[in-house]
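**Q** The numbering of the sequence shown is the UniProt record's numbering, which starts it at 1 and goes up by one.
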Amino acid sequence: MSTTELSNGESSNHEPGKNGPGNDESGHDELRNGEPDNEGEDVVCKRATPEQMTFHFENNSQMHAAPLARSQYIQIKSNLLTYKANVGTTQHWVLFKPGDPKTIISSCSIYFRDAIINTGRGMESTNIAIITDIFTHLDFRRRGMATKLLTKVQQVLDNMEQKHAALSIIYSGANNGLYNTLGWKPHRASHQRIRVGLEQIAKPQRDDTTRILTPKDIYTLSRESVNMAKLRLSSLRHYKAMLAQVLPTDLVVGRHLCRSRALECLLNSPKARWVPDFCGRKLYIGEIAITRYNGLEEAIAKILHEALYQACAYGLKEVVMWDPSSEVIQAGGIVARKLRGGVLPVYEDRFENIPCVRQHKGKAAEVELMTHEFHTWC
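1) Could you check what DSSP says for P248 in three-state terms: helix, strand or coil?
2) Let me make sure I understand the geometry here. Which of V275, I130, T249, L251 has the alpha-carbon closest to that of residue 461?
3) A165 and I104: beta carbons closer than 7 Å?
4) Looking only at its chain, what residues have a beta carbon closer than 6 Å to the beta carbon of A331, apart from the 5 residues adjacent to it on each side?
5) Residue range of the beta strand (DSSP E) that I191 falls in?
6) Once you ignore the five residues that flank P345 on each side, which residues in its own chain have a CB closer than 7 Å to its CB?
7) Could you tell me which residues DSSP pairs with N118 in its beta bridges?
8) Can you tell me the Cβ-Cβ gap for A229 and I116, rounded? I've got them flagged as a contact below 8 Å.
9) Is the region 137-153 in contact with the region 66-76, if contact means three or more CB pairs nearer than 8 Å?
10) If you compare alpha carbons, which of S106, C45, W184, L80 is closest to V253?
11) Can S109 and T132 be called in contact, C-beta distance under 7 Å?
12) With 16 other CB atoms within 10 Å as the buried threshold, where does K240 fall?
13) Just to confirm, are L283 and V319 a CB contact at a threshold of 7 Å?
14) Compare the C-alpha of R188 against each of L243, I288, P355, T371 and name the closest.
15) Within the continuous beta strand (DSSP E) that includes D208, where are the two ends?
16) Which residue wins for smallest C-alpha separation from H372, given the options T210, A365, V357?
17) Have a look at G315 and D277 and give me their C-alpha separation to the nearest angstrom.
18) May I have the straight-line CA-CA distance separating G286 from K361, to the nearest angstrom?
19) Go to M370, then tell me how far its beta strand (DSSP E) extends in each direction, as first and last residue.
20) Excluding sequence positions up to five away, which residues of its chain have a Cβ less than 7 Å from the Cβ of L243?
21) Who are T132's beta bridge partners in DSSP?
22) For H92, which residues in the same chain have their Cβ closer than 6 Å to its Cβ, ignoring the five residues on either side in sequence?
23) Just to confirm my understanding: we take T136, look at its own chain, exclude 5 residues before and 5 after, and list those with CB closer than 6 Å. What are they?
24) With DSSP collapsed to three states, give me the class of T376.
25) Looking only at its chain, what residues have a beta carbon closer than 8 Å to the beta carbon of T209, apart from the 5 residues adjacent to it on each side?
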C-alpha cells in the first residue's frame, strides 16, 4: 500500500505543551562535566542554541548529506524542526569548551516519540527517546568526548519527572561497544531485502483491491494502525520482559513524508511514495499496516511489487523492510516468483541500524521491541 506525498515545508503553529517531554528541562539545560579533558579544561554539555543547531547539522552533513549538497541537507533538517511532530518533542545537545560555544566537540539529537509498553499489567502509554545524529568532530575523536556527551544525556533522561521516556534507543552498526558499555544493549534485528537485478520492473496491474493512498487516507490509516497496536499489546500478558512499541502516529508518518517530498524536489526524482535512501541505493518501506495476520500474503505481494517498481524508477537496487512478519517474508517469495529472474528476496539479521536499548534509570529488566518497523527511525 504505497503512500502519496505531502508538500515540502509543511509546518504548524502548534505550540509545545509546557509539560511535554521536549520541554521538561528538569534543571539540566547546562551541565558541566566534572572531569577535565586531556588539556585540563572542563567541557560544557548544553541544549543547543539555534546557531549551535546549525553547527550540529553542518557536522553531520559530512556523513549523511550525500547525494545532497551540504546546504540542501541543512535546509531539510532546519525545515523539519518546524514540523509539528518535532515542535516541543525534540532536543539537540552539544558539548563544547567554556568560552568557545561555536566549536561543537560532540552533539546529538533526541526525538521523543509516543509509545506503548506492557510489563504484565496491561498496556500503558509512555514515550520512547530516539537518540540519533551522534557526531564527534574529527579533531576531538578518541578522547572520550562521545562518552561524556551520552553520559550527560543519560542524566537528563533519567532526571525527567513528568512524561519521562520509558526507554531510549540508539541505532548502531555492528561495532556498538561504546553504546553497550554505557548501558544501551543491542537487540537482534532483521530485515528482508528484495534485490532488484533488472533494469526495469513491469508496472503493477492495479484492480479494485489496489489504489494509491491520499494524504487523508494515510492519516486515517495511521490512527487505525495505532489503535490496532494498542489493542494487540493490551491483550498480552508477558512477565519475563517489558514489551514496547513506538507508535506509527500520523505526525511521525507525516514527518517521513515531508522529508521524502523534500528529497524529491531537490533531486528532481519521481514522486515520493516511500522512503528512498539515495546514498545507500535502497528503498525503505516505512510500515505495512495490516488488520489481521492470516491470509494477506497476496495483498502484501502487491505492495512489494509497487515498491520494486518505484525502486527501479529511482534507480535504486533493493527494497528493504525492517523486522518483517512471516506474511511479509512469504509475500517476498510470491512477488519474486511472479517477476521471475532478477528479483531475489533475502531474509537475514541486520548488521546496520541495530537498535540499542536502555531503560529509564538503567533498569536491567529484559525488553522486547514489538513491530519495530522503519518508521521508528527518525
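Note that beta-carbon positions come from the ideal geometry of N, C-alpha and C, so glycine has one too.
Just so it is clear, the structure is predicted and the values come from calculations on it, not from any experiment.
**A** This is what the structure holds:
1) coil
2) It is not possible to answer for residue 461, since the shown part of the chain is limited to 1 through 378.
3) no
4) Once the five neighbours on either side are set aside, the close Cβ partners of A331 are E297, I300, A301, L304.
5) According to the sequence displayed, residue 191 carries His and not Ile. Taken as a continuous stretch (DSSP letters only), the beta strand (DSSP E) holding H191 covers 190-196.
6) Cβ neighbours of P345 beyond the five flanking positions: Q192, I194, G332, G333, A336.
7) M123, L243
8) 7 Å between Cβ atoms; contact.
9) no
10) L80
11) Cβ distance < 7 Å, so S109 and T132 count as in contact.
12) exposed
13) yes
14) P355
15) First-last for D208: undefined, no H or E at that position.
16) Distances from the alpha-carbon of H372 to those of T210, A365, V357 put V357 closest.
17) 11 Å
18) 30 Å
19) That residue, M370, is in no beta strand (DSSP E); it is neither H nor E in DSSP.
20) Cβ neighbours of L243 beyond the five flanking positions: I117, N118, L233, L236, E368, M370.
21) S109
22) A48, M53, H56, S109
23) S106, M145, A146
24) Secondary structure at T376: helix, using DSSP grouped into helix, strand and coil.
25) A299, K302
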